[in-house]
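So the structure is just underneath, and the comments pick up after that.
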Amino acid sequence: MSAYPHARFLISANSTAQFPADDGTEVAVAGRSNAGKSSAINAITQRHALARTSKTPGQTQLINFFELEAGHRLVDLPGYGYAKVPPAMKAHWERLVGSYFESRVSLTGLLLIVDSRRGVGEGDLTVLEWLRRSGRAAHVLLTKCDKLGRGEAKKQLQQAASALGPLASAQLFSAHSREGLEEAREALEALLNKKPR
Ligand code: GDP
């Protein structure tokens, strides 16, 4: 059975005016393009097509809102850091996501998706810094860990933890092997149950 049997897509927003009502709580999911964000959302919610996985990174520049259950939402932020993104698109991303972080009262935390083979990058730290300034919590999923050997995965987790410091907690995750799925669901629930600002 799905973890959120009544999960449903609400709206793709291109500006703050299109955001749904700012009540209850919501958790945003962010990550570098192609890090595995859509796959992670689908695995965590057990809804295979809730978030569309794409092979063309850097395309979606919309904020997708999903209702998980009454009063709780998951918010899929557009991917960042794709090398070929034109400057105007990057500026749009910063405006859109910046205004989302600044204005959203119901946003209680962030799940940050990081490819475990790449490790925590500059773009990831920028997003976490934005979030920290507003006093919200974050949890990092080091995705695609099925592609790493045991020892390598452990090393990547340690490296991520030291790069993140107090900015976020972190865990290994794989949408394919489902490693870390329960831990990720618990982290999501914990963030959703935090008090809004
Ligand atoms: P997004 O751009 O961040 O939403 O990334 P997607 O979820 O679309 O995934 C990007 C690519 O990584 C796709 O080819 C996925 O099949 C692959 N991928 C995603 N998660 C995993 C995982 O846990 N393990 C492996 N091996 N591949 C994954």
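Reading the sequence shown from the start, the letters are residues 18 to 214 in my numbering. Glycine residues also receive a C-beta, built at the ideal position from the N, C-alpha and C atoms. Just so you know, these numbers come straight off a predicted model, no measurement behind them.
The beta strand (DSSP E) enclosing residue i, as first and last residue numbers
i: Q63; result: That residue, Q63, is in no beta strand (DSSP E); it is neither H nor E in DSSP.
i: G126; result: L124 to D132
i: L91; result: H89 to D93
i: A108; result: No beta strand (DSSP E) contains A108, which is instead part of the alpha helix (DSSP H) from P104 to S120.
i: A154; result: A154 to T160
Between the CA atoms of residue j and residue i - distance to the nearest angstrom
i: E200; j: H156; result: 11 Å
i: A66; j: N59; result: 6 Å
i: G75; j: H23; result: Only weak support is given to the placement of G75: the predicted model assigns it a pLDDT of 49, under 50, and the value that follows is read from those uncertain coordinates. Approximately 29 Å between the Cα atoms of the pair.
i: Q78; j: I28; result: 13 Å
i: S216; j: S133; result: In the structure displayed, the chain extends from 18 to 214; residue 216 sits before or after that span and is not available.
i: E206; j: R135; result: 27 Å
i: H193; j: K171; result: 18 Å
i: Q188; j: L198; result: 10 Å
i: L181; j: R150; result: 15 Å
i: L165; j: P104; result: 34 Å
i: M106; j: A57; result: 24 Å
i: E169; j: E139; result: 21 Å
i: A177; j: L184; result: 11 Å
i: N210; j: R167; result: 32 Å
i: A52; j: Y99; result: 10 Å
i: P37; j: S179; result: 36 Å
i: D93; j: L208; result: 15 Å
i: K204; j: A108; result: Checking the sequence shown, residue 204 turns out to be Ala, not Lys. If I take the Cα positions, the gap works out to 31 Å.
Sequence-distant residues of its chain with Cβ nearer than 8 Å to residue i (five each side left out)
i: S123; result: D39, D40, G41, T42, E43, R90 and P213
i: Y21; result: T62, Q63, R64, L85 and E86
i: P95; result: T77, Q78, L79, I80, W110, L113 and V114
i: S19; result: T62, Q63 and R64
i: E146; result: L184
Cβ-based neighbour list, residue i, same chain, cut-off 7 Å, excluding 5 preceding and 5 following
i: R153; result: L124, T125, G126 and L127
i: R69; result: S55
Nearest neighbour of residue i, chosen from the options [CA to CA]
i: T160; options: P103, G166, I130 and A87; result: I130
i: S120; options: N210, S19, Q35 and L181; result: Q35
i: V137; options: S29, D163, L174 and E203; result: L174
i: V46; options: G88, P103, N31 and L148; result: L148
i: D163; options: L145, L209, E146 and E196; result: E196
i: Y97; options: A30, V144, F82 and N31; result: V144
i: S32; options: S116, A108 and E146; result: S116
Residue span of the alpha helix (DSSP H) that contains residue i, given as start and end
i: V46; result: That residue, V46, is in no alpha helix (DSSP H); its beta strand (DSSP E) goes T42 to G48.
i: T33; result: Looking at the DSSP string, T33 is not in any alpha helix (DSSP H), and its letter there is neither H nor E.
i: E206; result: L198 to L209
Supposed close pair residue i, residue j - CB separation, criterion 8 Å
i: F118; j: L158; result: That pair is no contact at about 19 Å.
i: R202; j: D141; result: The Cβ separation is near 21 Å, so there is no contact.
Cut-off 6 Å between Cβ atoms - residues of its own chain near residue i, not counting five sequence neighbours on either side
i: R25; result: E84
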